[in-house]
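Counted the way my numbering counts, the sequence shown spans residues 5 to 142. By construction, the Cβ of each residue, glycine as well, lies at the ideal position given by its N, Cα and C atoms.
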Amino acid sequence: MDEARHTLVRAWLIKAWHDLRSAHTLATATPPLLDTATYHCQQAAEKALKGLQAFHSLPPDKTHDLGFLVERTAQVDASVISLLEDAEHLTPYATLFRYPDDYMEPSRVEFTAAYEAAKRVFTHILDRLPASVHPETH
């Protein structure tokens, strides 16, 4: 992998990690900000998938549809098809809680399910990539 691609893949994964950390921080705030935390779960999975696309030299798809991203990425890495259920669970959170006209507050249970799904996507993708592109996660 050339240096430019290495840098791009790592940048996507750092952004994904920051979204996961942000989700946790927002969910544990007083009071918890579960709407924004849940959004960051979707974003973490999206950015991790786009990092894997970049690793395989696929231009990142400009979509928040994680099911589509999984299916497209599965063309070059069949293992990601196992993420389809988590991806489809997370996709609505790209917009569901983002705007006041659609405002709803997710429950703690709903946030936790989204957070666990995002962690599974992120971890699966890290496991597919060389350690040199992994973000510092401690």
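*Counting Cβ pairs, one atom from each stretch, are 3 or more of them under 8 angstroms apart for the segment 80 to 89 and the segment 33 to 45?*
No, the segment 80 to 89 does not touch the segment 33 to 45.
_If you follow the alpha helix (DSSP H) that R14 is in, where does it begin and where does it stop?_
7 to 31
*Could you check which residue in E120, R102, T11 has the C-alpha nearest to that of A49?*
E120
*Jot down the residue ranges of each uninterrupted alpha helix (DSSP H) in the segment 43 to 84, minimum 4 residues, whole runs only, in chain order.*
70 to 77
*Is T40 helix, strand or coil when you go by DSSP?*
helix
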